[in-house]
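Numbered as in the numbering used here, the sequence shown ends at 459 without a single skipped number. Report on one structure; see the data block that follows.
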Amino acid sequence: MNMSLLRHEWFLLRKDRMLAFSAALLLGLMALGLYNGWRFTRDLRTYQQRLVTQETERRARLAEQAEALRQGRGPELPPWKSPAMPVPVGNTLVQPEALLPPGPLGAFTVGQMDLLPSAYQVSLQGRLTDFARDTLEHPVHLATGTLDLSFVLLYLLPLFALAFSFDLVSREREDGTLRLVLVQATGLRGWALRRLAVRAGVLLGLCVLAGVAGYALTGGAGGLGRLAGWLTLVVGYGAFWFALALAVNARSLSSATNALVLVGAWLVLVVVVPAVAQLGVSGLYPVPSRVALVGATREASLEAQKRGSEVLSAYFEDHPELAPKGAKAEGYWPTALAVQDEAARATAPVVAAFQSQLERQQDALGVLRFLSPALAFQQALQDVAGTGGSRHEHFLRQVDHFHTTWREALLPRVFSGATLGAAEHARLPRFAYVEQPGTDIVPQVALGLLALVLPTLLALGLGLAWLGRPRIA
């Protein structure tokens, strides 16, 4: 009897042209979202590959010129343009690129990849120069967001789930066939659950199929673990909306009222709560003004320039390993580098406050994810896809480490007055991104999944409890 009920429900779904059209429309939207995400990651990879090629050619050309200068061949160049001098090499000539490649599932979820910088040119100067970066996206696209696969699932999957299930029980009650159905079924709860399972299985099965096909077509390099996590989140998010529809149907309201209540719930949970959470967190933990940061940097630089010799002496006291043997370093470049370090030290509290407020915002949003399944779903998708803030922070820590390595490779030559040849150019460090370990990802994704499971169980429990005392007519 149970299988006959399932087959009957499947037969009804196939005969319902509106539901068939809805399923086809969802497939089309998911295909469009997947294409947009794939195109973004393709363009980003092409852009980054061009940067790598340019850097490789630049390094080879500079090494050849530096060796020619060391051997007395070739035209003489001004010191600030010479590939044999460590300061122009470290600041403007080599311009080593620190690149964050697209996320392992970037074609599924663009996330914050179109907002956060993925390319830095490292120099001997401080990290303050890294705040100004070019973007690949048009400002209108940044304001409206990318129509990727995750966008479709976040905003539109709930509406399709509600369209499949808003009249789960109410339609039979309104048609006067509920009593007849219950004669053949094992009870209202069992019948409603089986009917819900068929509808949810069809819709969420399409989402799983789209995810697996997209992973295969886009050549995902993130491993099956990330794909499994992504699919689990999608199924959990869809299950919540089906469970919510069951709970609303259990209240014995009309189909029109069910639709109105469920659309209102979608508006509150998907649109209002995340927006209010973002505004509240920004108001509670405002970041310092970037204008104030630039102003503080300028003032610190001017003050340090006025005390050039004093700053240079203090710099050698802090870094005795760089102090020249037997003579005092004189000249523009040693003083300029010392001034830059002094300015960076003076503005460090402002930079630290900026970073601290950003971390507090992220922590607050991590707690607020339990207020809205949509917020939890969005954050977890970005984490598992590698396009969120946590992977970018992991990248920035590597950029900072590379910046330190770059300075350590060149600063001793600045203060000793040594020049560079082809061999020294070949030994200059290159940036290589190391992917975020799974131990950083699993806890965040698990929290997101928990924030989906809890409201799903609550809605399912309420629905089953209310169905236990039904009003059939």
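Using N, Cα and C, we set each Cβ at its ideal position, and we do this for glycine too.
Asked	Found
Output the boundary residues of the alpha helix (DSSP H) element that contains Gln384.	Gly375 to Ser402
Cα separation between Gly312 and Leu397?	For Gly312, the pLDDT reaches just 43, beneath the cut-off of 50, and the residue's location in the model is therefore unreliable, although a value from the coordinates is still provided. Distance between the alpha carbons of Gly312 and Leu397: 18 Å.
Report the rounded CA-to-CA distance for Leu248 versus Gln107, giving the unit in angstroms.	49 Å
Considering only residues of the same chain and omitting the five flanking positions on each side of Val273, which have a CB-CB separation below 7 Å?	Phe340, Gln343 and Leu344
For Glu41, collect the residues of the same chain with a Cβ closer than 6 Å to its Cβ; drop the 5 residues on either side in sequence, then sort them by chain order.	Glu83
Kindly list the residues whose CB is nearer than 7 Å to the CB of Gly60, restricted to its own chain and excluding five residues on each side of it in sequence; keep chain order.	Gln51 and Ala54
Quick check on DSSP: helix, strand or coil for Leu143?	helix
What's the C-alpha gap between Arg159 and Ala199?	39 Å
Please name the residue in Leu86, Leu203, Asn244 and Gln264 whose C-alpha comes closest to that of Val420.	Leu86
Looking at the unbroken alpha helix (DSSP H) that takes in Leu5, where does it start and where does it end?	Arg3 to Arg56
According to DSSP, is Ala105 part of a helix, a strand, or is it coil?	strand
Can we say the stretch 409 to 424 touches the stretch 379 to 397, given the rule of at least three CB pairs closer than 8 Å?	yes
According to DSSP, what are the bridge partners of Leu85?	Ala105
If we call anything under 8 Å between Cβ atoms a contact, is Ala229 one with Leu154?	no
Using 10 angstroms around the beta-carbon of His387, count the other beta-carbons present and answer buried if the total reaches 16, otherwise exposed.	exposed
Please check the pair Ala149 and Ser8, which I expect to be a contact at CB under 8 Å, by giving their CB distance rounded to whole angstroms.	5 Å
Quick check on this structure: which residue in Ser104, Gly97 and Val96 has the alpha carbon closest to the alpha carbon of Gln384?	Ser104
Residues in its own chain within less than 8 Å of Leu48 by CB, not counting five upstream and five downstream?	Pro69, Val75, Leu79, Val80 and His411
Return helix, strand or coil for Gln343, following the three-state DSSP convention.	helix
Give the single residue among Tyr141, Phe152, Val184 and Val188 whose Cα lies nearest to the Cα of Arg237.	Phe152
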